[in-house]
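There are 2 protein chains.
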Amino acid sequence: MEAPQHEERRTQVRGAKFRALVLDATIARIAEAGIDHVRFADVADKAGVHEASLYRRWKTVPRLLIDALLTRTQAEVPIPDTGSVRRDLKMFTTDLARFAQTPIGTALIRFTVASDNAPDIESSRREFWMQRLSAAEEIIERGKKRGEVDPGADARLVVLTLGGLIHLHVTHLGTGIPTTLPGQAVALILPGITPS
Amino acid sequence: MEAPQHEERRTQVRGAKFRALVLDATIARIAEAGIDHVRFADVADKAGVHEASLYRRWKTVPRLLIDALLTRTQAEVPIPDTGSVRRDLKMFTTDLARFAQTPIGTALIRFTVASDNAPDIESSRREFWMQRLSAAEEIIERGKKRGEVDPGADARLVVLTLGGLIHLHVTHLGTGIPTTLPGQAVALILPGITPS
DNA sequence: TCTCCATCGCAAAAAAACTTGCGATATGAG
DNA sequence: CTCATATCGCAAGTTTTTTTGCGATGGAGA
């Protein structure tokens with residue numbers, strides 16, 4: 001029932017190829033078992049690699065997870081630019097919702113929340129999200145230039161509000177995010193940032 | 001360096017008293033070491049109780065945590081009723097922010113997000129939050145009756161939005177929540193639910 | 001008060017997680 | 001192409017976590 005899920009390999013693999021192999025196996029393991037059930041032993045088996053090598057290279061499971069998630073999650077949520085703040089925000093929220101509901105997206109959200117004392121992991125997570133949030137703030141900034149948005153509006157607050165909503169839905173409601181939610185959320189917030 | 005932190009007890013304790021002792025020790029342990037560093041061994045020592053008893057009664061650490069957090073966290077965030085939706089929402093958000101920043105509040109938020117496959121835990125967590133959120137929706141409903149809020153406004157959406165914002169702040173920004181945030185957040189949302 | 005029994009402490013043992021020494025081999029530098 | 005070296009597989013060992021059998025006891029009910 002737990003047959004090795006890798007093809008037999010005669011030669012030893014190491015370096016970049018080794019890393020890629022392990023990272024892919026990690027992502028696959030996250031997707032199939034959930035981020036809380038990823039163990040070095042499983043990943044090693046799936047990657048056709050030895051467990052001890054994982055201990056040596058990544059030292060701890062959280063380190064492996066953050067490495068895999070961050071390097072395998074580039075630009076999953078694009079920043080739209082349609083010329084309309086409403087459309088942009090709705091698209092952004094919709095894309096975010098879709099990604100948040102994939103196994104990897106859920107894992108990323110859950111993992112980002114899980115506290116961990118290792119400072120390097122903590123900073124990696126923070127940098128990751130700050131980067132994403134700052135990118136999304138661009139939607140608001142463009143709206144300001146077009147006169148669609150009140151210049152005094154807090155771009156970060158808007159992004160955090162929408163992001164937090166999706167976040168809560170995924171983590172607490174568990175059930176799927178209604179397709180109408182992004183539109184409703186944007187409609188709720190938009191009047192608060194339109195020029196008076 | 002790790003001296004037993006409990007008073008010596010000659011007699012054996014069990015039943016409700018045993019449970020209370022362990023739950024208190026668990027809360028104390030969460031507060032002092034963070035929810036990720038709570039182990040049966042520590043809690044048992046602090047409670048002056050045997051580790052194996054914890055394994056038998058709660059089986060896993062997450063079960064103990066959810067039990068302790070839920071039974072020791074009653075009505076930490078009151079639902080205000082000042083006659084003004086703006087004031088009510090602001091007070092609610094402020095109280096939520098304050099609680100969210102206590103060690104127990106943070107633990108509760110973080111833990112609620114952490115995935116766990118045990119179905120009973122999952123449902124406990126969901127029920128807990130749904131109960132809190134539903135209570136907060138009352139603020140909006142009262143506003144509708146007073147004509148302050150558009151009857152078509154989605155009370156749950158409002159609550160989820162504010163809650164999600166605080167949630168995100170605690171989990172991602174790590175740093176303290178600015179005292180101005182609750183007011184800003186309410187100001188952002190209010191125009192979206194006022195009668196047109 | 002007395003008895004019964006579920007619950008607890010204790011200790012031993014099983015399982016899981018993590019570490020380490022050593023020989024082998026990719027891989028990159030010269 | 002050849003060599004030096006860091007990285008990997010392997011297996012044995014160590015530590016931490018979880019389980020279990022058994023005797024003891026507190027507490028509920030007769």
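Protein chains in written order, with the UniProt record's numbering: chain A, 1 to 196; chain B, 1 to 196.
Don't be surprised by glycine CBs; every beta carbon is placed ideally from N, CA and C.
Start and end residues, alpha helix (DSSP H) containing residue i
i                 : result
Glu137 of chain B : 119-146
Leu188 of chain A : 181-189
Gln101 of chain B : 85-101
Lys17 of chain B  : 15-33
Ile177 of chain A : Looking at the DSSP string, Ile177 of chain A is not in any alpha helix (DSSP H), and its letter there is neither H nor E.
Asp45 of chain A  : 40-47
Ala52 of chain A  : 51-58
Arg63 of chain A  : 61-71
His167 of chain B : 155-168
Chain B within 8 Å of residue i, Cβ atoms only
i                 : result
His172 of chain A : yes
Thr73 of chain A  : no
Thr112 of chain A : yes
Buried versus exposed, by CB contacts within 10 Å (16 or more), residue i
i                      : result
Arg110 of chain A      : buried
Lys59 of chain A       : exposed
Thr71 of chain B       : exposed
Lys46 of chain B       : buried
Gly174 of chain B      : exposed
residue 211 of chain A : Residue 211 of chain A is absent from the model: chain A starts at 1 and stops at 196.
His172 of chain B      : buried
Thr179 of chain B      : exposed
residue 208 of chain B : This structure cannot settle anything about residue 208 of chain B, because the visible part of chain B is limited to 1 through 196.
Leu181 of chain B      : buried
His169 of chain B      : buried
Thr102 of chain B      : exposed
Cβ of residue i within 8 Å of any chain A Cβ
i                 : result
Leu168 of chain B : yes
Val49 of chain B  : no
Glu2 of chain B   : With a pLDDT of 37 at Glu2 of chain B, under the threshold of 50, the predicted position of this residue should be treated as unreliable, and no value is reported.
His6 of chain B   : Because His6 of chain B carries a pLDDT of 48, less than 50, the predicted location of this residue cannot be relied on, and the following value inherits that uncertainty. It does not: the Cβ of His6 of chain B has no partner Cβ on chain A nearer than 8 Å.
Near the ligand MN: residue i beta-carbon under 7 Å from a heavy atom
i                 : result
Val149 of chain B : With respect to small molecules bound, the structure shown includes none, and the ligand MN cannot be examined in it.
Which residues of the segment 150-164 of chain B have a Cβ closer than 9 Å to any Cβ of chain A? Give them in chain order.
Ala153, Asp154, Leu157, Val158, Leu160, Thr161, Leu162, Gly163, Gly164
Chain A contacts from the segment 175-193 of chain B (Cβ-Cβ distance under 9 Å)
Leu181, Gln184, Ala185, Ala187, Leu188, Ile189, Leu190, Pro191, Gly192, Ile193
If you measure beta-carbon to beta-carbon, which residues of the segment 123-152 of chain B are closer than 9 Å to chain A?
Arg125, Arg126, Trp129, Met130, Leu133
With contact counted as at least three CB pairs below 8 Å, one residue from each stretch, are the segment 14-23 of chain B and the segment 87-95 of chain B in contact?
no
Assess, as a yes-or-no matter, whether the segment 161-178 of chain B is touched by the segment 156-166 of chain A under the definition of 3 or more beta carbon pairs within less than 8 Å.
yes
Are the segment 67-85 of chain A and the segment 96-113 of chain A in contact at 8 Å, needing three or more beta carbon pairs?
yes
Between the segment 22-29 of chain A and the segment 37-44 of chain A, do at least 3 Cβ pairs fall closer than 8 Å?
yes
At a cut of 8 Å, does the segment 51-69 of chain B reach the segment 142-150 of chain B through at least three beta carbon pairs?
no
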